[in-house]
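**Q** Protein chains in written order, with full-length UniProt numbering: chain Y, 1 to 196; chain S, 1 to 435. Virtual Cβ for every residue (Gly too), placed ideally from N, Cα, C. Bear in mind the structure is a predicted one, so any value in this text is a computation, not a measurement. First the structure, then my questions, so here it is.
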Amino acid sequence: MDDKDNANPTILNPSDLPSRRCEAAAKTRDDGGSGLFDDLIPRYNYLSDPFEEAVSASDSDDDAVENIDEQEIYDLISTISDPEHPLSLGSLAVVNLPDIHILPPTSPLSSISTVAVEITPTITHCSLATVIGLGVRVRLEQALPPRYRIDVRIKKGTHSTDEAVNKQLGDKERVAAALENGTLMGVLRKMLETCE
Amino acid sequence: MPEARPRTLSPLAALAPPSSSRTWQTVPHPSLPIVATACSDRSVRVYSLTSFTLLHSITGGHKRSVRAVSWKPNTRGQSVLATGSFDSSAGIWRREEQSTNEDDFTNRRIGGAEDEDGRDDDDDYQFSCILDGHESEIKSLSWSPTGQYLATCSRDKSVWIWEELEDDNFETVAVLQEHDGDVKCVAWHPEEDLLASASYDDSVRLYREDADDWVQVACIAGREGHEKTVWWVEFEGSGMSRKDFRAQRDGISEEQQTYIEGLERSGPRLATCSDDCTVRIWRRKPRDVPDNAASNTGIPSIIRSAAIDEDWYQDVILPQVHERAIYSVSWSRTTGLIVSAGSDGKIIVYKEQWRKQTPNGVAANGDEMETDAATHQTESPTEWVVVAELFAAHDVFEVNHVTWAKRADKGKRRGDEEVVVSTGDEGEVKVWTLD
């Protein structure tokens with residue numbers, strides 16, 4: 001690990017990172033369409049909405065955290081440490097707010113939402129892209145309610161083997177097996193130490 | 001859209017108690033009313049389909065998740081279970097079944113010994129032997145229909161075939177390394193020693209033995225194959241044209257008769273499902289010369305491949321209802337219905353039926369099955385329709401596996417009634433009736 005893949009990464013100033021304080025600016029950049037009206041329509045705040053009963057019957061925990069937005073996803077993963085630098089993925093611009101999207105359930109009969117995160121490796125041949133992606137996926141799987149499906153991908157064109165990495169990150173069985181691998185879990189635990 | 005009588009999947013039971021962590025697969029015993037569930041807590045749980053309760057917990061064998069289980073068929077007086085684990089080994093477990101006649105099992109339960117049934121300590125599953133060889137996680141394993149062979153597959157890209165020479169003496173008869181990625185699933189043809197494997201490399205491959213050597217005889221890949229990881233592969237049951245909708249031959253057209261005969265020459269079809277959100281069915285192009293005429297023995301191995309190569313082509317893509325990866329598909333041996341499940345939490349049941357005659361008289365003819373599927377212009381005389389769609393089968397969790405099983409509880413309405421058994425990420429195994 002002495003030879004770092006990227007010895008001199010670009011580091012963002014913490015005050016430039018997106019946060020609640022500059023929410024307005026962040027929102028205008030996020031024109032993906034999802035979540036724009038979240039604040040206007042209190043979708044999940046009804047306790048007696050007849051249409052909600054079918055899906056909300058079992059999981060009371062869910063209701064408390066229903067209004068998860070892109071900024072919250074960003075806050076969950078931007079504090080993950082880079083595996084080779086003592087810096088956060090947010091400050092290295094590996095994770096960026098505009099590359100986070102929350103897709104609502106596709107049917108009124110479904111309560112499954114999708115969180116899509118595109119990560120930007122610091123350099124195109126960064127061999128640690130898979131580990132970083134795995135860290136992001138694991139962090140979100142642990143922090144979000146189970147009704148969220150998490151799709152972590154390498155941003156198109158930013159990595160030489162992005163399709164191969166994407167395929168690995170999307171493979172549930174491989175991710176499950178990786179989490180039973182002590183060495184890899186050690187690396188992930190260290191990356192996630194700086195969260196919360 | 002085609003019409004079909006809509007059916008409803010209704011919850012019958014959840015096997016209790018559930019596992020507290022992810023469960024991967026639940027497999028019905030070939031003759032007893034029990035199932036084995038592969039659990040990520042390194043154990044296998046054996047549940048009763050009569051009482052829906054836990055009978056045995058098989059622990060202490062594997063060091064990581066148990067990913068797959070397979071019951072050995074045609075055993076007498078004992079149950080034999082193979083387990084495949086992320087610890088890269090496979091285990092063989094045995095349990096003596098007291099009942100001399102397996103059919104008595106169900107009656108015996110009703111007869112009163114119900115409460116202590118399966119609870120005696122000394123009739124637990126005994127560890128029998130371990131099969132080492134794979135370099136990384138075992139993803140699937142399957143006994144051949146005769147019980148002679150056990151196939152295993154792994155992230156190490158290989159498929160191994162083991163032959164049980166005598167009890168607990170397994171010999172590796174083949175290591176097949178055709179795939180370019182994790183091998184996700186293996187399955188045997190119900191009548192022939194023909195093995196299929198599905199992979200992370202998006203392909204499906206078929207193998208058979210030729211002159212003491214197991215070789216690849218077909219590969220489904222590329223433009224004609226799945227676009228993403230193939231998660232599951234399963235053959236159609238044996239002789240289904242005498243059991244499913246095709247069994248009713250009165251009043252069928254000549255074209256339909258020809259179609260049935262063509263399929264019977266092809267033999268059981270193959271179903272696969274994939275990360276590309278499709279379930280597909282493949283069929284074998286029948287040989288012009290009957291197999292027994294072209295006796296392969298004695299042919300030098302250098303030219304054998306031409307003699308045993310098989311042409312498997314796409315029969316149909318089932319209606320696309322799933323929105324995320326489809327992990328599992330199961331083909332009923334009784335009704336010919338197909339059930340699928342996956343990441344979107346849905347369970348879908350599909351039915352094949354005769355297509356209604358088109359008014360302009362354009363109909364398929366017998367030649368269709370001889371032409372390349374990619375260029376088929378004539379429609380198949382059958383079609384697949386969705387007859388049941390169930391959302392959130394395991395609440396918000398992914399469904400890792402789904403299968404048909406013989407119904408065995410007191411509420412059973414017909415001798416051959418089946419239930420759907422689904423296995424979820426949250427550790428629950430659920431049993432569903434189809435009405």
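If distances are taken between C-alpha atoms only, which option among Cys277/S, Lys285/S, Gln257/S and Asp276/S comes closest to leucine 270/S?
**A** Sequence index remark: in the second sequence, residue 270/S carries index 270 (1-based). For leucine 270/S, the nearest C-alpha among the options comes from Lys285/S.
**Q** Between the alpha carbons of threonine 83/S and cysteine 39/S, how many angstroms are there, rounded?
**A** If you number the second sequence from 1, residue 83/S lands on position 83. If you number the second sequence from 1, residue 39/S lands on position 39. The alpha-carbon atoms of threonine 83/S and cysteine 39/S are separated by roughly 10 Å.
**Q** Bridge partners for tyrosine 148/Y per DSSP, in chain order?
**A** The count along the first sequence starts at 1 and reaches residue 148/Y at position 148. Beta-bridge pairing links tyrosine 148/Y to Ser113/Y.
**Q** How many Å lie between serine 19/S and glutamate 178/S at the Cα?
**A** Indexing the second sequence from 1 puts residue 19/S at position 19. Indexing the second sequence from 1 puts residue 178/S at position 178. Approximately 36 Å, taken between the alpha carbons.
**Q** Could you give the DSSP three-state label for lysine 172/Y: helix, strand or coil?
**A** The residue labelled residue 172/Y in the question sits at position 172 within the first sequence. Correct three-state label for lysine 172/Y: helix.
**Q** Pick from Gln168/Y, Val94/Y and Glu180/Y: whose alpha carbon is nearest that of serine 81/Y?
**A** If you number the first sequence from 1, residue 81/Y lands on position 81. It is Val94/Y whose Cα lies nearest to the Cα of serine 81/Y.
**Q** Once DSSP output is grouped into helix, strand and coil, what is the label at phenylalanine 391/S?
**A** Your numbering for residue 391/S matches position 391 in the second sequence. Reduced to three states, the DSSP call for phenylalanine 391/S is coil.
**Q** Proline 11/S: buried (16+ other C-beta within 10 angstroms of its C-beta) or exposed?
**A** Walking along the second sequence from the start, residue 11/S turns up at place 11. Burial call: exposed.
**Q** Give a yes or no on whether the minimum CB-CB distance between proline 146/Y and chain S is below 8 Å.
**A** The sequence position of residue 146/Y within the first sequence is 146, counting from 1. Output row for proline 146/Y: interface = yes.
**Q** Give me the chain Y residues within the contact set of lysine 139/S, using Cβ-Cβ distance strictly less than 7 Å, ordered along the chain.
**A** Within the second sequence, residue 139/S is the residue found at index 139, counting from 1. What lysine 139/S touches in chain Y: Glu173.
**Q** Find the residues of chain Y that neighbour valine 349/S, judging by a C-beta separation of less than 9 Å, and give them in chain order.
**A** Translated into positions along the second sequence, residue 349/S becomes position 349. The contacting residues do not exist; valine 349/S stays about 16 Å from chain Y at best.
**Q** Would serine 160/Y pass as an interface residue toward chain A - the criterion being a Cβ-Cβ separation below 8 Å?
**A** Among the protein chains in the structure shown, which are Y and S, there is no chain A.
**Q** Determine the DSSP secondary structure at serine 78/Y, reduced to helix, strand or coil.
**A** Looking up residue 78/Y in the first sequence gives position 78. Three-state result, serine 78/Y: helix.
**Q** At the level of alpha carbons, what is the spacing between isoleucine 308/S and arginine 287/S?
**A** As a first step, residue 308/S is located in the second sequence; it is residue number 308 there, counting from the start. As a first step, residue 287/S is located in the second sequence; it is residue number 287 there, counting from the start. Rounded to the nearest angstrom, the two C-alpha atoms are 10 Å apart.
**Q** Serine 197/S and valine 233/S: beta carbons closer than 8 Å?
**A** Within the second sequence, numbered from 1, the residue matching residue 197/S stands at position 197. Within the second sequence, numbered from 1, the residue matching residue 233/S stands at position 233. Yes, these two residues count as a Cβ contact at 8 Å.
**Q** Beta-carbon of threonine 130/Y versus every beta-carbon of chain S: anything under 8 Å?
**A** Reading the first sequence from its first residue, position 130 is the one you call residue 130/Y. It does not; no Cβ of chain S falls within 8 Å.
**Q** Buried or exposed: which applies to alanine 16/S, given that a residue is buried once 16 or more other Cβ atoms fall within 10 Å of its Cβ?
**A** What you label residue 16/S is simply residue 16 of the second sequence in a count that begins at 1. Alanine 16/S is exposed by the Cβ-count criterion.
**Q** For glutamate 163/Y, which residues in chain S fall below 7 Å Cβ to Cβ?
**A** The residue labelled residue 163/Y in the question sits at position 163 within the first sequence. Simply none; closest approach about 11 Å.
**Q** Going by DSSP, what residues sit across from threonine 433/S in a beta bridge?
**A** In the second sequence, residue 433/S corresponds to position 433, counting from 1. Answer is Ser10/S and Val419/S, bridged to threonine 433/S.
**Q** Three or more C-beta pairs closer than 8 Å, one from the stretch 187-202 of chain S and one from the stretch 178-190 of chain Y: is that the case here?
**A** Contact between the stretch 187-202 of chain S and the stretch 178-190 of chain Y is absent, because fewer than three Cβ pairs lie under 8 Å.
**Q** Under 8 Å, Cβ to Cβ, is there at least one residue of chain Y near valine 429/S?
**A** Taking the first residue of the second sequence as 1, we reach residue 429/S at position 429. Valine 429/S does not count as touching chain Y.
**Q** Between which two residues does the alpha helix (DSSP H) carrying valine 321/S extend?
**A** Indexing the second sequence from 1 puts residue 321/S at position 321. That residue, valine 321/S, is in no alpha helix (DSSP H); it is neither H nor E in DSSP.
**Q** Along chain Y, which residues have their Cβ under 7 Å away from the Cβ of phenylalanine 86/S?
**A** Counting from 1 along the second sequence, the entry for residue 86/S is found at position 86. Neighbours of phenylalanine 86/S on chain Y, chain order: Ala177 and Glu180.
**Q** Which same chain residues, not among the five before or five after valine 339/S, have their C-beta less than 6 Å away from its C-beta?
**A** Residue numbering aside, residue 339/S sits at position 339 when the second sequence is read from its first letter. Answer for valine 339/S: Ser330, Val349, Val402 and Val420, listed in chain order.
**Q** Among Ala187/S, Lys72/S and Ala388/S, which residue has its Cα nearest to the Cα of serine 199/S?
**A** Translated into the one-based positions of the second sequence, residue 199/S becomes position 199. Answer by Cα proximity: Ala187/S.
**Q** Of all the CB atoms in chain S, is at least one closer than 8 Å to the CB of isoleucine 102/Y?
**A** By one-based count along the first sequence, residue 102/Y stands at place 102. False, the Cβ-Cβ gap to chain S never drops below 8 Å.
**Q** What does glycine 345/S touch in chain Y if you count any residue whose Cβ is under 7 Å from its own?
**A** Within the second sequence, the letter at position 345 stands for residue 345/S. Here the neighbours are Ile112.
**Q** So what does glycine 91/S bridge to, in DSSP terms?
**A** Taking the second sequence and counting its residues from 1, one reaches residue 91/S at position 91. Glycine 91/S is bridged to Thr83/S and Ile130/S.
**Q** Can you find a C-beta in chain Y that's less than 8 Å from the C-beta of glutamate 323/S?
**A** Working through the second sequence from its first residue, we reach residue 323/S at position 323. Closer than 8 Å: yes.
**Q** Going by CA-CA distance only, name the one from Ser274/S, Gly147/S, Val175/S and Ser380/S that's closest to tryptophan 160/S.
**A** Position 160 of the second sequence, counting from 1, holds the residue named residue 160/S. Checked all of Ser274/S, Gly147/S, Val175/S and Ser380/S; the closest Cα to tryptophan 160/S is Val175/S.
**Q** Once DSSP output is grouped into helix, strand and coil, what is the label at lysine 243/S?
**A** In the second sequence, residue 243/S corresponds to position 243, counting from 1. Correct three-state label for lysine 243/S: coil.
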